[in-house]
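These notes concern the structure reproduced below.
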Amino acid sequence: MEERLRRMQACIDSLAGCLAALEERVAGLEQSLAARPPEPGAAGPVAEPVEVPGPPAAAGGRSVVRVLSPIGIALLVLAGAFLLRSFTDAGTLTHGAGAALGLAYAVAGILAAGRAAGRGSAWSAACLGVAAVLIAYPLLWEATTKLDVLSPALAATLLTLFTALALGVAWCRGIYALAWAATLATLAGAGALLFATTALEAFTVPLLALGIATAWMAYGPEWRSLRWPAAIFADLSVALMVYLLTRAAGRAGRFDHLSVAFVQILAVSLLSGYVGSFALHSLARRRGPSAFELVQTAAVLFVGFGGAARIAESAGAGSAALGIAALVAAAASYAVAFAFVDRRLGRGRIFLYYAWLALALTLLGSELVIPAAALLPVWMVLAAGSAYLGGRYDRITLRAHCAVLAYAAAVQTGVLHQGLASFTAAAAPPWSGSLVAVLLAIAACYAVLVATQSRRRSRWMERLPRFAILLLAVAGLGGLLVRLACSLLPEGPGPIAVVRSAVIGAAAIGLAAAGRRHWLKEMSWLPYPLLVAGGIKLLAEDLRHGRPVALFIAFTCYGLALIAAPRLHRRAAEIR
10 MEERLRRMQA CIDSLAGCLA ALEERVAGLE QSLAARPPEP GAAGPVAEPV
60 EVPGPPAAAG GRSVVRVLSP IGIALLVLAG AFLLRSFTDA GTLTHGAGAA
110 LGLAYAVAGI LAAGRAAGRG SAWSAACLGV AAVLIAYPLL WEATTKLDVL
160 SPALAATLLT LFTALALGVA WCRGIYALAW AATLATLAGA GALLFATTAL
210 EAFTVPLLAL GIATAWMAYG PEWRSLRWPA AIFADLSVAL MVYLLTRAAG
260 RAGRFDHLSV AFVQILAVSL LSGYVGSFAL HSLARRRGPS AFELVQTAAV
310 LFVGFGGAAR IAESAGAGSA ALGIAALVAA AASYAVAFAF VDRRLGRGRI
360 FLYYAWLALA LTLLGSELVI PAAALLPVWM VLAAGSAYLG GRYDRITLRA
410 HCAVLAYAAA VQTGVLHQGL ASFTAAAAPP WSGSLVAVLL AIAACYAVLV
460 ATQSRRRSRW MERLPRFAIL LLAVAGLGGL LVRLACSLLP EGPGPIAVVR
510 SAVIGAAAIG LAAAGRRHWL KEMSWLPYPL LVAGGIKLLA EDLRHGRPVA
560 LFIAFTCYGL ALIAAPRLHR RAAEIR
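At position 288 of the sequence shown the residue is numbered 297 (this note's numbering), and the sequence of numbers has no breaks.
Laid out in structure tokens, this is it:
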């Protein structure tokens, strides 16, 4: 045992001496290339030296030395790693000792790269850093999968620490090649070990840490490209765990050991880590979100929050706490947007980011906390409140929130589907009391917007939220009228085709007449699209199923609409 320890100590001393000699050699080469000592001259007054350019061959030789010498040093560093491996294979070193010495050797290479960059030798630093990465990550793979020296948890910890060291040195010294090498090696190594060991939770941690770290590094302009691959791998790893954990029982296979609590923690960490970083940076720098921040925010809301909610739903617990946390975060986002950002920074991209993040968290959190029977009334109350505040204080963001809430309620209850199906299905579908109540609430939101903005003349872009709600109300009310009329007529494709033509024609005339008033200007945008839709329906449905009497009524209704609607629309344009 003592003999083996003496051999290990001699091996370490030999490697340390090699590294010191290599550093001295690099420093000597750089100094000799930077300045050549003056030649001794004769006695007497010394004239001021005149720099004479050397021949091109000499300049080219120095360039070749500067390029090839660091590569040679990097190869010598790799040779030292292979020497350690030979000692391990020969039994001089145990597998554990060989792995430990190899990782220490790689750490020394990272530190040597930092020192080389500090001396101004960027190419030497890049070569040494890449050589250290090529030593460390394959060693972690082999020590975990083949030698069974490292457990998955320990391997993930060492992977995270080494990556943190490499990125820290690269960030402080500006070694971009080292940063890219460490990032790509971490993504490849963690992804491969994730499947080789089936320890998804353990190796998702370094991927998540790398993603958030590169997101912070990207706030320096030179490091922005690192964040995209790291974010993609972090999102995919969490999404994979959520999928494997929530799919049908008995199909988990190799991954049936996943922990519900830990995976949910990782999903929430993905959301809070990225969104928290974006929020802190935007407030500290007073800058709007970038394209990456917008895309990644949507991704982590879907993967992180959606994954955590799905896990809670499948496990039958934890959804209420998650929903409450989302609602608290939504309230905080609304407060930051309207109480801080709006007053100090204006209604720029930062304001829009916080406002729309608050709405997304409100929808997601309320669906987890509020019972299904009370969810729709709550959404419609929020929509009505947004309509009033948005119209009263002329806030287009709140009016847009009203439209989103109205559409969410319409999709949730089926109002939108029922309205469209009333004009496209073979038979008009029935309408329940809840559908009618939601439809009336949507119409009330539009009335509130009109009433609070009747004295203002708005541009067309400011009317888009009202127009979106108007579309929903027209489709729903038209479908309801079709259903009521069909209930009074005999069943069959002919009567329902006539009713649909009559409703479309009446809607075109009514909207054209109402659009003559400046506060209902958005209504004048619909008559011509309705006339086009009515003409297509007349050719595709009425002529196919209608009898002579039904065709007489349908053509009469559509002809009157073609006469009246354009005239009313033209008068509205003349009045405006």
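Even for Gly, the Cβ is constructed at its ideal location relative to N, Cα and C.
As the structure is a computational prediction, the values presented were derived from the model and not from experiment.
Less than 8 Å between the beta carbons of A417 and W388, yes or no?
Locating residue 417 in the sequence shown gives position 408, where the first residue counts as 1. Locating residue 388 in the sequence shown gives position 379, where the first residue counts as 1. Cβ atoms of A417 and W388: closer than 8 Å.
Indicate the three-state DSSP secondary structure (helix, strand or coil) for K155 in the structure shown.
In the sequence shown, counting from the first residue as 1, residue 155 sits at position 146. It is coil, neither helix nor strand.
Tell me the DSSP secondary structure of R356 in three-state form.
Stepping through the sequence shown from its first residue, residue 356 is reached at position 347. DSSP places R356 in coil when its eight states are reduced to three.
At what residues does the alpha helix (DSSP H) containing T461 begin and finish?
Sequence index remark: in the sequence shown, residue 461 carries index 452 (1-based). Here the alpha helix (DSSP H) through T461 covers 442-461.
Compare the C-alpha of S431 against each of M250, G282, L490 and name the closest.
Start at 1 with the first residue of the sequence shown, and residue 431 comes out as number 422. Minimum Cα distance to S431 is reached at L490.
In the structure shown, what three-state DSSP assignment does I184 receive?
As a working mapping, residue 184 is identified with position 175 in the sequence shown. I184 falls in the coil class under three-state DSSP.
Contacts around R475, its chain only, beta-carbon distance under 6 Å, and the 5 residues preceding and following it disregarded
Stepping through the sequence shown from its first residue, residue 475 is reached at position 466. Once the five neighbours on either side are set aside, the close Cβ partners of R475 are L458, E531.
For G514, does the three-state DSSP call read helix, strand or coil?
Within the sequence shown, residue 514 is the residue found at index 505, counting from 1. Three-state DSSP puts G514 in a helix.
Buried or exposed by the 16-neighbour rule on C-beta atoms within 10 Å, applied to D244:
As a first step, residue 244 must be located in the sequence shown, where it is residue number 235. It is buried - the Cβ of D244 has at least 16 other Cβ atoms within 10 Å.
How is A99 classed by DSSP in three states: helix, strand or coil?
Position 90 of the sequence shown, counting from 1, holds the residue named residue 99. Note: A99 maps to coil in three-state DSSP.
Would you mind working out which of R556, V558, A521, G357 sits nearest R576, comparing C-alpha positions?
Position 567 of the sequence shown, counting from 1, holds the residue named residue 576. Ranking the options by Cα distance to R576, first place goes to A521.
Report the option in G543, L552, T406 whose CA atom is closest to the CA atom of G568.
Along the sequence shown, read from residue 1 onward, the residue named residue 568 stands at position 559. Measuring from the Cα of G568, the nearest candidate turns out to be G543.
For a test of the three-state rule: what should DSSP assign to G313, helix, strand or coil?
The count along the sequence shown starts at 1 and reaches residue 313 at position 304. Three-state DSSP puts G313 in a helix.
Do R182 and A134 have their C-beta atoms within less than 8 Å of each other?
Looking up residue 182 in the sequence shown gives position 173. Looking up residue 134 in the sequence shown gives position 125. Their beta carbons are under 8 Å apart, which means R182 touches A134 by this criterion.
Nearest neighbour of V304, chosen from I119, A383, L366 [CA to CA]:
Along the sequence shown, one-based indexing puts residue 304 at 295. Per the Cα distances, L366.
Could you check which residue in A396, G428, A559, Y185 has the C-alpha nearest to that of A415?
Along the sequence shown, one-based indexing puts residue 415 at 406. Ranking A396, G428, A559, Y185 by Cα distance to A415 puts A396 first.
Backbone secondary structure at P439 - three-state DSSP
In the sequence shown, the residue the question calls residue 439 occupies position 430. Of the three classes helix, strand and coil, the one that applies to P439 here is coil, per DSSP.
Alpha carbon to alpha carbon, how far is A450 from L467? Give it in angstroms, no decimals.
For the purposes of this step, residue 467 is taken as the residue at position 458 of the sequence shown. For the purposes of this step, residue 450 is taken as the residue at position 441 of the sequence shown. In the sequence as presented, Leu is not what sits at residue 467; that position holds Ser. So the two alpha carbons sit approximately 24 Å from each other.
Apart from the five residues on each side of it in sequence, which residues of its chain come closer than 8 Å, Cβ to Cβ, to R295?
Position 286 of the sequence shown holds residue 295. Result list for R295: L354, I359, in chain order.
Return the CA-CA distance between G50 and S72, expressed in angstroms with no decimal places.
As a working note, residue 50 is residue 41 in the sequence shown. As a working note, residue 72 is residue 63 in the sequence shown. Since pLDDT at G50 reaches only 47, below the 50 mark, its modelled position is unreliable, and the value read off the structure follows with that caveat. Straight-line Cα distance between these residues: approximately 29 Å.
Three-state secondary structure (DSSP) at F498?
Taking the sequence shown and counting its residues from 1, the one referred to as residue 498 is at position 489. Note on residue identity: the sequence assigns Leu, not Phe, to residue 498. Three-state DSSP puts L498 in coil, outside helix and strand.
Let's test the definition: count the other Cβ atoms within 10 Å of the Cβ of S286 and tell me whether it reaches 16, buried, or not, exposed.
As a position in the sequence shown, residue 286 is number 277, starting the count at 1. It counts as buried.
Going by DSSP, what residue range makes up the alpha helix (DSSP H) through R236?
Translated into positions along the sequence shown, residue 236 becomes position 227. Note, R236: alpha helix (DSSP H), 236-255.
With the cut-off set at 8 Å, would you say A197 and A175 are in Cβ contact?
Here residue 197 refers to the residue found at position 188 of the sequence shown. Here residue 175 refers to the residue found at position 166 of the sequence shown. No, Cβ-Cβ distance for A197 and A175 is not below 8 Å.
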